[in-house]
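Heads up: the sequence shown runs through residues 7 to 282, numbered per our numbering.
Accompanying notes for the structure given below.
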Amino acid sequence: MTRIFTGHALAGRIHNDIREGITRLGRAPRCAVLIDEASAPMVAYASRQREAAAKLGIELAFASYERSPELARDQLRRLGEDPRLDAVMTLYPLPSGIAPVEAALLVGTDKDVDGLHPENAGLLALGAPGRTPATAHACRLAIGELAGSLRGAEITIVGASRIVGRPLATMLLDADATVTVCHVATRDLADHTRRADVVVSAAGVAGLIGAAHIRDGAILVDVSIIRTEAGLVGDVDLASVEGKASVVTHVPDGIGPITTACLFENVVAAAAQAGR
7 MTRIFTGHAL
17 AGRIHNDIRE
27 GITRLGRAPR
37 CAVLIDEASA
47 PMVAYASRQR
57 EAAAKLGIEL
67 AFASYERSPE
77 LARDQLRRLG
87 EDPRLDAVMT
97 LYPLPSGIAP
107 VEAALLVGTD
117 KDVDGLHPEN
127 AGLLALGAPG
137 RTPATAHACR
147 LAIGELAGSL
157 RGAEITIVGA
167 SRIVGRPLAT
177 MLLDADATVT
187 VCHVATRDLA
197 DHTRRADVVV
207 SAAGVAGLIG
217 AAHIRDGAIL
227 VDVSIIRTEA
237 GLVGDVDLAS
247 VEGKASVVTH
257 VPDGIGPITT
267 ACLFENVVAA
277 AAQAGR
């Protein structure tokens with residue numbers, strides 16, 4: 007029997023740490039959140055974020071991206087310089103012509119809660135404390151929850167993005183796991199995933215991972231959230247892996263709640279740094 011893992015309990019523990027951090031701070035952290043209001047999924051996600059932040063005592067100020075790249079760059083720069091804000095969150099998709107790293111550079115190291123500023127990314131690469139990309143951090147926490155010690159564990163990551171796959175690989179290497187990263191040019195995906203104790207898939211391809219891709223008892227961490235006529239699905243073909251995988255993370259309530267908690271954790275860390 008394959009167990010479906012939800013991240014609510016783990017996220018709840020992070021929420022407790024966040025509340026303690028806000029108590030020490032003595033005020034509500036303030037974060038600007040930029041969204042594309044033409045994107046219905048983004049607007050729905052932002053609404054859930056607003057509700058979750060209010061329960062924790064975090065103030066979110068939502069604004070729409072400026073339409074032209076130059077105006078959007080000025081907007082990001084102004085928010086990064088605004089002394090009333092502790093942090094700036096840039097939800098995807100970003101305005102055309104602006105890459106995630108550029109957005110982080112415009113916001114600045116101190117207010118970067120996505121862990122994409124070169125200084126924050128460099129700290130991660132060097133194994134030093136810093137702000138990490140929330141989804142990658144959420145995956146690392148979930149894997150630890152499901153697999154326990156990662157020393158010597160074989161972990162295959164499907165997807166080599168700079169937001170999830172690459173930073174997650176660094177975190178797992180720091181935990182002494184043996185890590186394989188696959189991507190669109192990987193010749194035989196199943197050859198790599200079948201060797202893994204844990205498969206993390208962040209490819210955004212519905213049903214990509216099936217029974218033929220995994221070993222008996224594998225743990226599957228599904229990061230993708232894909233909208234279909236049948237509803238939200240991930241990379242894992244649940245029907246195919248039933249009874250063969252030991253655990254599969256729920257879509258969207260597996261990694262999703264943990265990611266949001268990690269983002270808010272970064273907001274509180276930015277506020278604490280601003281207060282020093």
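Even for Gly, the Cβ is constructed at its ideal location relative to N, Cα and C.
Distance between residue j and residue i (C-alpha atoms, nearest Å)
i           : j           : result
residue 145 : residue 233 : 21 Å
residue 98  : residue 42  : 8 Å
residue 280 : residue 136 : 14 Å
residue 248 : residue 78  : 46 Å
residue 288 : residue 33  : There is no way to answer for residue 288, as the model of the chain reaches only from 7 to 282.
residue 260 : residue 15  : 10 Å
residue 180 : residue 87  : 34 Å
residue 49  : residue 73  : 16 Å
residue 197 : residue 231 : 25 Å
residue 89  : residue 266 : 24 Å
residue 225 : residue 82  : 39 Å
Terminal residues of the alpha helix (DSSP H) in which residue i lies
i           : result
residue 199 : 195-199
residue 137 : Looking at the DSSP string, residue 137 is not in any alpha helix (DSSP H), and its letter there is neither H nor E.
residue 234 : Per DSSP, residue 234 belongs to no alpha helix (DSSP H); it is in the beta strand (DSSP E), 232-234.
residue 53  : 46-62
residue 175 : 171-180
residue 113 : 106-113
residue 19  : 14-31
Nearest-angstrom beta carbon gap, residue j and residue i [assumed within contact, 8 Å]
i           : j           : result
residue 4   : residue 257 : Look at the range of the chain in this structure, 7 to 282, and you will see that residue 4 is not part of it.
residue 85  : residue 107 : Residue 85 to residue 107, Cβ: 17 Å. No contact.
residue 272 : residue 131 : Not confirmed; about 17 Å, so no contact.
residue 277 : residue 31  : 6 Å
residue 174 : residue 142 : 4 Å
Beta-carbon gap between residue i and residue j smaller than 7 Å
i           : j           : result
residue 160 : residue 110 : no
residue 216 : residue 252 : no
residue 63  : residue 28  : yes
residue 172 : residue 166 : yes
residue 8   : residue 229 : no
residue 205 : residue 176 : no
Of the residues the options, the one placed nearest residue i, counting alpha carbons only
i           : options          : result
residue 35  : 44, 93 and 73    : 93
residue 12  : 250, 147 and 278 : 147
residue 164 : 207, 244 and 185 : 207
residue 103 : 128, 117 and 75  : 75
Beta strand (DSSP E) segment containing residue i, residue limits
i           : result
residue 248 : Unbroken run through residue 248: none, as it is neither H nor E.
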